[in-house]
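A.B. asks: Handing you a structure now.
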Amino acid sequence: MNKFIFIFLTLFLWSETILSQTETEPAVDSIFRSVVLIRNEGFNTENKTQPWMKKNLYTGFGSGLVLPNQTILTNAHVVRDAKRILVKSSFTKKEYLADVKFIGYDCDLALLQVNDPDFSEQTTSLTFFEGIPNLGSDVLLLGFPNGNDSLSVEKGSVLRFEKNRYTYSGLDYRNVLKISANIQPGNSGGPAVQNGKVVGLVFQISTLEQGIAYLISNDIIRHFLEDTNDGKYDGFPNIGFTFQNGNPKSLKQAMKVPTTETGIFVNRIYPSSTFSKVLKEKDFVTAIDGNPISNDGELTLSNKKEFIIDWIEDKQLNSKVTISFYRAGKQNQAEVNLQKNYALELYRDGTDDYFLQAGFVFQPITRSFFHSEDGDLDSSLQYHYSYFIQDLLYRYTTRDIVLSYNFNDPETSKYKKYKYKVVESINGRVPKDLNEFKALWKENKRGMIVLKFRGMDLPIVLRPESIYQMNQRVKKRYGANYEEL
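Our numbering numbers the first residue of the sequence shown as 354 and each following residue consecutively.
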């Protein structure tokens, strides 16, 4: 090749590369101005199983991604229970007050709003990457590790796009990007950037592998942001039933389903869920919105296959879908609105509500209760909590109540074995939740209180005069106020 032509082509390709980067990638300064430090001032309790204890002030910290209209995207766990939120860029000493506009515990995302107009002058916003970054490609992780005022940039590498458990809720399996990176506390909520575009949001690290972290992928972020367009956050829809594959031809014949049909058999349907009013156990589902379902539960779409659970969760709540199914040999179709699995919402609740009477503390079983620092939880209670949905225990009560604490008192010390036992009934009636339990106690306060517990043959029987005396002693000795009835 002619030397002059070679030099010309080299210069041309080099200039094209520079121009391309200039057009698609924002300046480094703009990238850095898109990330802010978040300080969260709030209160926590010493122990979720002792909620009457005095609350302590604490300051948490994290990172956030600046979006248009003076909003900030971060993790839900960064701003949970916040009483006051302050944000700042590394380019200014000024701190700005922010409010939680929307929060999604089921996807560990939150959107903050800053009202000070000066904030937009100090910050910039980036665009989101379309699709999934290439495996093995590098990303820059921006954030404020350990709450430092100076922005930190960490290099990482994309390892895999997968579905994984979101640790914050402990319930949800959603899409994530697995990366190799050295992530520290405070990086949560910070963006991962590739070629000047956001490819995900840092939210958790691996407890099993060193130097491994996870990003909330852009499809989950988009779902969250689109959900909030109507001024409220609804959450992700849920299929609301369990199923088994439709491979066995003999089972199809027994259920009067043509053996040439593909689909899935319904095992169990949860109450108040998407298909609870139209499907029954043993139904054979063949299609949804006209998309055939394989025997393994995959939807056959125009250009790809997608698992039915993912397809549904990718849609917004209350979206209409049509489901096709066989029942007793007859083909059926029904249109439904996509809903949550409300039985699962029991696990999300983190209430600190409790009822203190007669030296006993009663609490509803919640996720936060099981995330307490008390390592002596009864194994049968853990089983009951874990299988509340699977074993259909919700048929008996909306919310289980547990005797979570016994004060050290002569009258209550003989009932130590009842700690962490589930209340079965009060004066022969099964309370559906803590409010009804309180109401039943109040209804019987002038007579005997008889408490039966699951797994215990003998009840706790309390006389009204003993209840009054124990309430007075507990208040005097421990400063724990009983509830006036």
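Positions of the beta carbon are idealized from the N, C-alpha and C atoms, including for glycine.
Tell me whether L654 is buried or exposed, calling it buried when 16 or more other Cβ atoms sit within 10 Å of its Cβ.
C.D. replies: That one is exposed.
A.B. asks: By Cβ distance below 6 angstroms, which residues in the same chain neighbour V714 in space, the five residues on each side in sequence not counted?
C.D. replies: Closer than 6 angstroms at the Cβ level, and outside the excluded window around V714, lie Y707, S757, Y758.
A.B. asks: Can you list, in chain order, the residues of its chain whose CB lies under 6 angstroms from that of Y449, leaving out five sequence neighbours each side?
C.D. replies: Result list for Y449: V440, V467, D469, F472, in chain order.
A.B. asks: Taking the beta strand (DSSP E) that E651 falls in, what are its first and last residues?
C.D. replies: Unbroken beta strand (DSSP E) run through E651: 651-653.
A.B. asks: What are the uninterrupted segments assigned as alpha helix (DSSP H) that are 4 or more residues long and contained completely in the stretch 390-462, given in chain order?
C.D. replies: Those alpha helix (DSSP H) runs which fall completely within the stretch 390-462 and span 4+ residues are 429-432.
A.B. asks: What does the alpha-carbon distance come out to for the pair H430 and I665?
C.D. replies: Taking the straight line joining both Cα atoms gives about 25 angstroms.
A.B. asks: In the DSSP assignment, find the unbroken beta strand (DSSP E) run with L494 in it and report its ends.
C.D. replies: Counting along the chain, the beta strand (DSSP E) containing L494 begins and ends at 491-496.
A.B. asks: Which full runs of the alpha helix (DSSP H) of 4+ residues lie inside the stretch 667-702, going along the chain?
C.D. replies: DSSP runs (the alpha helix (DSSP H)) wholly in the stretch 667-702: 695-701.
A.B. asks: Pick out whichever of I438, V419, E796, F497 has its Cα sitting closest to the Cα of S478.
C.D. replies: The candidate whose alpha carbon is nearest that of S478 is V419.
A.B. asks: Applying the 10 Å Cβ sphere with the 16-neighbour rule, what's the burial state of M823?
C.D. replies: It is buried - the Cβ of M823 has at least 16 other Cβ atoms within 10 Å.
A.B. asks: Specify the secondary structure class of P645 as computed by DSSP and reduced to three states.
C.D. replies: It is a strand residue.
A.B. asks: Please classify V610 as buried or exposed, where buried requires at least 16 neighbouring CB atoms within 10 angstroms.
C.D. replies: The residue in question, V610, is buried, as its Cβ has 16 or more Cβ neighbours within 10 Å.
A.B. asks: Could you pull out every residue in the same chain whose Cβ sits closer than 7 angstroms to the Cβ of A640, ignoring the five residues on either side in sequence?
C.D. replies: Taken in chain order, the residues that qualify are I646, S677.
A.B. asks: For G566, which residues from the same chain have a beta carbon less than 6 angstroms from its beta carbon, with the 5 sequence-adjacent residues on both sides left out?
C.D. replies: Here residue 566 is Ala; the residue named in the question, Gly, does not match the sequence. Answer for A566: I532, A534, I536, I558, listed in chain order.
A.B. asks: Got a sec, what are the start and stop residues for the beta strand (DSSP E) A545 sits in?
C.D. replies: Run containing A545: 544-547, per the beta strand (DSSP E) assignment.
A.B. asks: In the structure shown, what three-state DSSP assignment does E818 receive?
C.D. replies: DSSP places E818 in helix when its eight states are reduced to three.
A.B. asks: Could you compute how far the alpha carbon of L815 sits from the alpha carbon of R752?
C.D. replies: Computed Cα separation, rounded: 24 angstroms.
A.B. asks: Hey, how far is the Cα of K828 from the Cα of F760?
C.D. replies: Distance between the alpha carbons of K828 and F760 is about 11 angstroms.
A.B. asks: Does DSSP classify Y773 as helix, strand or coil?
C.D. replies: In the structure shown, Y773 sits in coil (DSSP, three-state: anything other than H, G, I, E or B).
A.B. asks: Report the CB separation of F497 from V551 in whole angstroms; it is logged as a contact under 8 angstroms.
C.D. replies: Contact doesn't hold; Cβ gap of about 17 angstroms is too wide.
A.B. asks: Give the C-beta separation of N347 and G616 to the nearest angstrom, bearing in mind that I take them to be a contact with Cβ-Cβ under 8 angstroms.
C.D. replies: Because the chain is modelled from 354 through 838, residue 347 falls outside the range shown and cannot be assessed.
A.B. asks: Short of 8 angstroms in beta carbon distance, which residues of its chain neighbour Y325, apart from the five on each side in sequence? Order them along the chain.
C.D. replies: This structure gives no information on residue 325, because the portion of the chain shown stretches from 354 to 838.
A.B. asks: Once the 5 residues before and after W367 are set aside, which same chain residues still bring their CB inside 8 angstroms of it?
C.D. replies: Model confidence at W367 stands at a pLDDT of 39, short of 50, so the residue's coordinates are unreliable; what they give is reported in the following sentence. Counting only Cβ-Cβ distances below 8 angstroms, and skipping sequence neighbours, we find nothing.
A.B. asks: Taking the C-alpha atoms as reference points, what is the distance between T612 and N685?
C.D. replies: Taking the straight line from one Cα to the other gives about 17 angstroms.
A.B. asks: Among the residues of its own chain, which have a CB less than 8 angstroms from the CB of E793, if the five just before and after it don't count?
C.D. replies: In the sequence as presented, Glu is not what sits at residue 793; that position holds Leu. Within the same chain, L793 has close Cβ partners I779, N780, R782, P784.
A.B. asks: What are the start and end residues of the beta strand (DSSP E) that includes Q606?
C.D. replies: Element bounds for Q606: not the beta strand (DSSP E) but the alpha helix (DSSP H), 602-607.
A.B. asks: Considering only residues of the same chain and omitting the five flanking positions on each side of L488, which have a CB-CB separation below 6 angstroms?
C.D. replies: Counting only Cβ-Cβ distances below 6 angstroms, and skipping sequence neighbours, we find V511.
A.B. asks: Flag Y679 as yes when its Cβ comes closer than 7 angstroms to any non-hydrogen atom of the ligand ZN, and as no otherwise.
C.D. replies: For the ligand ZN, the structure offers nothing, since it holds no ligand at all.
A.B. asks: Which residue wins for smallest C-alpha separation from I802, given the options A711, G553, S625?
C.D. replies: Of the listed residues, the one whose Cα sits closest to I802 is A711.
A.B. asks: Between which residues of its own chain and T375 is the CB-CB distance below 6 angstroms, once the five residues before and five after are set aside?
C.D. replies: Its pLDDT being 41, under 50, T375 is placed unreliably by the model, and the measurement read from it follows with that caveat. Answer for T375: no residue qualifies.
A.B. asks: Apply the 10 Å Cβ neighbour rule to G728 and answer buried if 16 or more other Cβ atoms are within range, or exposed otherwise.
C.D. replies: Only weak support exists for where G728 lies, its pLDDT of 48 falling under 50; the coordinates are left without a value.
A.B. asks: For the stretch 778-829, which segments carrying the alpha helix (DSSP H) assignment without a break, of at least 4 residues, lie completely within its bounds, in sequence order?
C.D. replies: With a minimum length of 4 residues, the continuous alpha helix (DSSP H) runs that stay inside the stretch 778-829 are 787-796.
A.B. asks: In whole angstroms, what separates the C-alpha of V529 from that of G417?
C.D. replies: If I take the Cα positions, the gap works out to 18 angstroms.
A.B. asks: For my contact list, L465 and V432 are in at a C-beta cut-off of 8 angstroms; report their separation, rounded to the angstrom.
C.D. replies: That pair is a contact at about 7 angstroms.
A.B. asks: Quick one: what's G553 bridged to in DSSP?
C.D. replies: Answer is A545, S570.
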